[in-house]
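Colleague:
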Amino acid sequence: MKNSFSLKAGALLTTAFGIILVSGSTGGLAFAQNTLPAGFKTGALAPEPSADMIEAGKRVYFTKCVWCHGVDGAGDGPGADRLWPRPRNFNQGTFKIRHTASGELPLFDAKKPTPGQNDLFETVTHGLPGSAMPSWEGILTEEQRLQVLSFVTTELVKDRKFTDKQSESQTVLQLGDLTPIAPTEESLKKGAELVVEKKCVECHGADGRGDGNAFNLKDDWGFSIQPANWHKCWNFRGSRQDPYNVKNIFRTFSTGVNGTPMPSFADNTTVEERWHIANFVNSLCEREADGKPLAIDPSADKPKINFVVSSGLAVGEIPADPEHELWKNRARRFIAMGGQITHKPRNFVNRIDDIWVKSLYNDTHIAFMFQWDDRTKSVAEGKLPWEPTSVNVDIKEQEPKTGEEGSIASHQNNYTVYNDAIAMETAVKWKELPSPIKPRYLFGSNEQFPVDIVKWEADGSLRAFKGTGWDKDFEERFNYEDSIKLLHSEWKDGRWTVIVQRPLGDKKEQEYDEDTFFEMGQYIPTVFFAWDGHNGDAGRKMAVSAFYYTFLEPPTPKEAYIYPIVIACGVVLLEGWVLTRRSNKRKGKTL
Amino acid sequence: MKALMSVGALIGVVGILLLAGMTVGIVPSNTVRLLEGYMPVQVILELTLFVAGFTGLSYMMASMGMAFPRFWQGILMWAFILLYLKFRVYPPIPFSVRAMYGTVSLVAIFMWVSANEEDWKKFKQPIMNILDAQAGGKRLLRYAYLIILPLLIGGFSYNAMVPKSEEPIELRTVHPAPPASTKVHGKTYTLQTSQNPYRINLEGKYDQDYSNAMTVEQGMGRLMKPNANPWDKDAQGYLKYVREGGEIFYQNCHFCHGDNLNGRGLHAFAFNPIPANFTDPGTIAQLQETFIFWRVSKGGIGLPNEAGPWASVMPPWEQHLTVDEIWKVVLFEYWHTGYYPRTWD
Numbered sequence: 004m005k006n007s008f009s010l011k012a013g014a015l016l017t018t019a020f021g022i023i024l025v026s027g028s029t030g031g032l033a034f035a036q037n038t039l040p041a042g043f044k045t046g047a048l049a050p051e052p053s054a055d056m057i058e059a060g061k062r063v064y065f066t067k068c069v070w071c072h073g074v075d076g077a078g079d080g081p082g083a084d085r086l087w088p089r090p091r092n093f094n095q096g097t098f099k100i101r102h103t104a105s106g107e108l109p110l111f112d113a114k115k116p117t118p119g120q121n122d123l124f125e126t127v128t129h130g131l132p133g134s135a136m137p138s139w140e141g142i143l144t145e146e147q148r149l150q151v152l153s154f155v156t157t158e159l160v161k162d163r164k165f166t167d168k169q170s171e172s173q174t175v176l177q178l179g180d181l182t183p184i185a186p187t188e189e190s191l192k193k194g195a196e197l198v199v200e201k202k203c204v205e206c207h208g209a210d211g212r213g214d215g216n217a218f219n220l221k222d223d224w225g226f227s228i229q230p231a232n233w234h235k236c237w238n239f240r241g242s243r244q245d246p247y248n249v250k251n252i253f254r255t256f257s258t259g260v261n262g263t264p265m266p267s268f269a270d271n272t273t274v275e276e277r278w279h280i281a282n283f284v285n286s287l288c289e290r291e292a293d294g295k296p297l298a299i300d301p302s303a304d305k306p307k308i309n310f311v312v313s314s315g316l317a318v319g320e321i322p323a324d325p326e327h328e329l330w331k332n333r334a335r336r337f338i339a340m341g342g343q344i345t346h347k348p349r350n351f352v353n354r355i356d357d358i359w360v361k362s363l364y365n366d367t368h369i370a371f372m373f374q375w376d377d378r379t380k381s382v383a384e385g386k387l388p389w390e391p392t393s394v395n396v397d398i399k400e401q402e403p404k405t406g407e408e409g410s411i412a413s414h415q416n417n418y419t420v421y422n423d424a425i426a427m428e429t430a431v432k433w434k435e436l437p438s439p440i441k442p443r444y445l446f447g448s449n450e451q452f453p454v455d456i457v458k459w460e461a462d463g464s465l466r467a468f469k470g471t472g473w474d475k476d477f478e479e480r481f482n483y484e485d486s487i488k489l490l491h492s493e494w495k496d497g498r499w500t501v502i503v504q505r506p507l508g509d510k511k512e513q514e515y516d517e518d519t520f521f522e523m524g525q526y527i528p529t530v531f532f533a534w535d536g537h538n539g540d541a542g543r544k545m546a547v548s549a550f551y552y553t554f555l556e557p558p559t560p561k562e563a564y565i566y567p568i569v570i571a572c573g574v575v576l577l578e579g580w581v582l583t584r585r586s587n588k589r590k591g592k593t594l
Numbered sequence: 002m003k004a005l006m007s008v009g010a011l012i013g014v015v016g017i018l019l020l021a022g023m024t025v026g027i028v029p030s031n032t033v034r035l036l037e038g039y040m041p042v043q044v045i046l047e048l049t050l051f052v053a054g055f056t057g058l059s060y061m062m063a064s065m066g067m068a069f070p071r072f073w074q075g076i077l078m079w080a081f082i083l084l085y086l087k088f089r090v091y092p093p094i095p096f097s098v099r100a101m102y103g104t105v106s107l108v109a110i111f112m113w114v115s116a117n118e119e120d121w122k123k124f125k126q127p128i129m130n131i132l133d134a135q136a137g138g139k140r141l142l143r144y145a146y147l148i149i150l151p152l153l154i155g156g157f158s159y160n161a162m163v164p165k166s167e168e169p170i171e172l173r174t175v176h177p178a179p180p181a182s183t184k185v186h187g188k189t190y191t192l193q194t195s196q197n198p199y200r201i202n203l204e205g206k207y208d209q210d211y212s213n214a215m216t217v218e219q220g221m222g223r224l225m226k227p228n229a230n231p232w233d234k235d236a237q238g239y240l241k242y243v244r245e246g247g248e249i250f251y252q253n254c255h256f257c258h259g260d261n262l263n264g265r266g267l268h269a270f271a272f273n274p275i276p277a278n279f280t281d282p283g284t285i286a287q288l289q290e291t292f293i294f295w296r297v298s299k300g301g302i303g304l305p306n307e308a309g310p311w312a313s314v315m316p317p318w319e320q321h322l323t324v325d326e327i328w329k330v331v332l333f334e335y336w337h338t339g340y341y342p343r344t345w346d
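So the sequences go chain by chain: A and B.
Read in order, the letters of the first sequence are residues 4 to 594 in the numbering used here.
Read in order, the letters of the second sequence are residues 2 to 346 in the numbering used here.
1) Which of the residues in the segment 121-138 of chain B, read from start to end, lie with their CB under 7 angstroms from any CB of chain A?
2) Between which residues of its own chain and A/Pro183 is the CB-CB distance below 8 angstroms, once the five residues before and five after are set aside?
3) Below 8 angstroms on the Cβ atoms is my contact criterion, and I expect A/Gly42 with A/Val274 to pass it. Report the Cβ-Cβ distance as a whole number of Å.
4) Around the C-beta of A/Glu595, are 16 or more other C-beta atoms found within 10 angstroms, so that it is buried, or is it exposed?
5) Is there contact here, the segment 144-159 of chain B with the segment 563-581 of chain A, by at least three beta-carbon pairs under 8 angstroms?
6) On the criterion of 16 or more Cβ atoms from any shown chain inside 10 Å, does B/Glu326 qualify as buried, or is it exposed?
7) Here's the rule: buried if 16 or more other CB atoms are within 10 angstroms of the residue's CB, otherwise exposed. What is B/Asn306?
8) Can you give the beta carbon distance from B/Leu332 to B/Gly205, rounded, assuming they're within the 8 angstroms contact cut?
9) Please report the residue range of the alpha helix (DSSP H) in which A/Asp357 lies.
10) Which first and last residues belong to the alpha helix (DSSP H) in which A/Glu58 is found?
11) Within 10 angstroms of its Cβ, does A/Lys432 collect 16 or more other Cβ (buried), or is it exposed?
12) So, at 8 angstroms on beta carbons, what are the nonlocal neighbours of A/Asp320 in its own chain, with the 5 sequence-adjacent residues on each side left out?
13) Would you say A/Ala549 lies against chain B (beta-carbon separation less than 8 angstroms)?
14) Quick check on this structure: which residue in A/Arg85, A/Phe124, A/Met545 and A/Gln525 has the alpha carbon closest to the alpha carbon of A/Met340?
15) Considering only the alpha carbon of each residue, which of A/Gly536, A/Arg333, A/Leu329 and A/Gly497 lies closest to A/Leu387?
16) So which residues on chain B does A/Glu522 lean against when the C-beta distance must stay under 7 angstroms?
17) Using a C-beta to C-beta distance shorter than 9 angstroms, which residues of chain B count as neighbours of A/His234?
18) Does the segment 453-466 of chain A come close enough to the segment 568-581 of chain A that 3 or more CB-CB pairs lie under 8 angstroms?
19) Looking at the secondary structure, which residues open and close the alpha helix (DSSP H) in which B/Glu248 lies?
20) Name the chain D residues whose beta carbon is nearer than 8 angstroms to that of A/Cys288?
21) Got a sec? Which residues, its chain only, sit under 7 angstroms from A/Ser153 by beta carbon, not counting five neighbours each side?
22) Between which two residues does the alpha helix (DSSP H) holding B/Ala161 run?
23) Excluding the 5 residues preceding and the 5 following B/Pro316 in the sequence, name in chain order all residues of the same chain whose CB lies nearer than 7 angstroms to its CB.
24) Less than 8 angstroms between CB atoms is the rule here; does B/Val42 satisfy it with respect to chain A?
25) Starting from the Cα of B/Lys3, find the closest Cα among B/Leu267, B/Ala116 and B/Ala63 and give me that residue.
26) Using CA coordinates, which residue listed in A/Glu450, A/Ser413, A/Thr128 and A/Lys307 is at the minimum distance from A/Asn538?
27) Would A/Ser208 and A/Gly497 be called neighbours here (beta carbons separated by less than 8 angstroms)?
28) Grab the span of the beta strand (DSSP E) containing A/Asp455 for me, first residue to last.
29) Give the DSSP-derived three-state secondary structure of A/Lys201 in the structure shown.
30) Run the CB neighbour count on A/Ser586, radius 10 Å, all protein chains shown included, and call it buried at 16 or more, exposed below.
31) Checking contacts by CB at 8 angstroms: is A/Glu556 closer than that to chain B?
32) Flag B/Asn213 as yes if its beta-carbon sits less than 8 angstroms from any beta-carbon of chain A, otherwise no.
33) Leaving out five residues before and five after A/Val260 in sequence, what residues of the same chain have Cβ atoms less than 6 angstroms from its Cβ?
34) Looking at chain A, which residues of the segment 249-272 of chain B have a Cβ within less than 8 angstroms of any of its Cβ atoms?
35) Where do the N-terminal and C-terminal ends of the alpha helix (DSSP H) with B/Tyr60 fall, by residue?
36) Can the beta-carbon of B/Gln252 be found closer than 8 angstroms to that of A/Pro81?
See below:
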């Protein structure tokens, strides 16, 4: 109890100090309250919610929220210690996504959920993508959402008071009145210069993948946090389920993110500059080849998934250079990654949540290009406490209830560093598997239906394993390793690019019983695994994908050109017949 | 009659405008939301309203002397159903299923337009007009059809023959037949006779009526009953176990099954099949508690052979949890969704 009190006091001090620091750094404005930053207006504090609302909200809170946010709203519910980012501690009144100036309380009024005028309501409505906070729209009614917020803002925010005119002020960003500047080339260029000038790249990295000084960042409570990756706008907490909307970036940039090192830039940028920066940041988010935003799945707030990874035919050698035309023209596939939480050691926090895959094949080989964002290049420092091939279910994993000290959020970036790695699991003898041709998901069914695992690690090794079930150690396949080849591997500005080439496993040349046979025109079940060495990922603590299918695109058969013409001619004949018959009938009638 | 039809017409016009606006993005796409758990009923209700609307609309137009030909009514109705299925229903229905619904509705529309000789004649009149036209626009139209039709059919068949990659369709047994008994942590549990040891009343006796009275309320939000808060300091027996089960759930299960037990957890988007949605009336509400106990204990890997493919990432929870913890989680899942476990009788 004492401990948590001193922590709160400390956090309060830090916040206070932070506010002084920020206001100090804005050029030492002595009358900061009188000169509002551009785009802001002074607002009025909302009235206290009615006692009925608060009482009703308590019921909502203890049904839905308490499990993560805790009995006292200190962000220490039963689920908290295995989450990263951790659930919000409401006690200090520190909220991330706001329309209000840095350090101020967010907008909340229990009466009117007007768009842009009720920050907390919008957070509960849309959730915080990229974290465990879901969207409560469609689950809780509008009334219930306002009720629970009435309870949280009055009873669980303990160090500040939403209605105290003495200590609180509301300086509101007038986002509705500001018109975005069109994202022209000129605007983007200005934005690109400004993110360097305003030192955004120091944290967010030279290419905006959040790989700047990611190691020294802590939030107000001392938990490790990481800067946003601008290439994954669907994970922006403030994206309000509308990730490609530049206004959200403008808002976050103008108001800052309370409780984190992300300051407000309202005082040292003009509104126009902020639009340029927002346009530039928005332009970095992953898009389709034609520049259109990726289609977002509204039930997950992530890009929509297509489970077929199609491989294109290349004549001759498969190029080793990712900038080669053949690779550049290849369509890429978004592979969603979740934590491996099936077998021990489970990975509750996977820092790699997606990878991009391209594939090419020729008459003897198939190559996969994996690209994924990883803020840290990790090459093993420590020796693994277990053989990477062995079943390590006895390993100690994150305890469910550790207190804040032992939680995942405070351990981040403190793990022994292992290798970053990528692997693909394909079924051997998949044709003989019962329909649909899938082996058991993790590490194969049994001796009869094994899987083939090809794994690249950041120390440069490329190895092949045979998996015969989740509870069996992998066998390393030294003879196969001679025939697989690493074409390319590079970590640059927070992104890995790795190209691995392997034989097609043609029945004539290869051992069909041991290797995966990549047959043209067939759907070959494939699973992808990824490891982030700085997350302590090693062995079976990793990120996993679902079953995808590798599909070798066959060339267009000749029949595809002949039959349609035959069919079209047939239709013409049919038409002739109908017309003749009709006209005969008519003649017969008129005659 | 006229008043009734005007109301129908109004519904039809407003509904179409709203739907079109939501699809195009003029009206916010969440104006009329499909609610989780109520979606099938809602879809049927909406379609019924639209049919009523169209009937009214057609009647009104006929009475105003602007009768709409039966031929176009049929075609528009079919197009409407196809578009509704494609753009309104979420999550999206795969093409093959939509094709099936499309065929069924086509047959229904044919039955409607050919209900009697006169209707059928009216229906085919426009086709005959085009076929018989001797001059003017209709004749031109006929020649246009004669050229476009073979081109279109040829194009479709080429499109169908060019190699494409579409995810193979997989059928899965969602609730496979359970075994007679299951062995967890060295002890055998007969599914038909086992009971959740934590579903007890204050006297410590197994009491489903007692626990059913304490679960959350049905209806929007599914909130707990005001006098049954598991987080109450004095909570005893059943409610205390619900809280303990919830703690385990939010330390282990919510990553996939979601904070609201709706299968939309943090990792859920990465997995296929997607995690079970317990708030759906088709999952735990249809099953006995011992069935859940068996599925939770054995996970995806423990699925019987007929339930392939075994692509589920569901852990065999006996590897991570004790028997007591599993029973408590099951207890919590029923409490939080407000469903009653099915009984054997």
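Cβ atoms here follow ideal geometry from the backbone N, Cα and C, with glycine treated the same way.
Note that the structure is a prediction, hence the values are computed from the model and not measured.
Modeller: A quick look at the data gives this:
1) Leu132 and Asp133
2) Val249, Lys250, Phe253, Trp278, Ala281 and Asn282
3) 5 angstroms
4) Limits of chain A in this structure are 4 at one end and 594 at the other, which puts residue 595 of chain A out of reach.
5) yes
6) buried
7) exposed
8) In fact, because the Cβ distance is near 15 angstroms, the residues do not count as touching under 8 angstroms.
9) Run containing A/Asp357: none in the alpha helix (DSSP H); it sits in the beta strand (DSSP E), Asp357 to Tyr364.
10) Ala54 to Val63
11) buried
12) In the sequence on display, residue 320 of chain A carries Glu and not Asp. Contacts found: Asn365.
13) yes
14) A/Met545
15) A/Gly536
16) Within chain B, no residue comes near A/Glu522; the closest Cβ sits about 13 angstroms away, beyond 7 angstroms.
17) Those do not exist, as A/His234 stays about 17 angstroms from chain B at its closest Cβ, beyond 9 angstroms.
18) no
19) Gly238 to Asn253
20) Given the protein chain composition of this structure (A and B), no chain D is represented.
21) Pro52, Met56, Ile57, Gly60 and Ala113
22) Gly137 to Met162
23) Gly300
24) no
25) B/Ala63
26) A/Ser413
27) Note that residue 208 of chain A is Gly in the sequence shown here, rather than Ser. Against a cut-off of 8 angstroms, the Cβ pair of A/Gly497 and A/Gly208 comes out as a contact.
28) Val454 to Glu460
29) coil
30) exposed
31) yes
32) no
33) Lys99
34) Ile249, Phe250, Tyr251, Gln252, Asn253, His255, Phe256, Cys257, Gly259, Asp260, Asn261, Asn263, Arg265, Gly266, Leu267, His268, Ala269, Phe270, Ala271 and Phe272
35) Met40 to Ser64
36) yes
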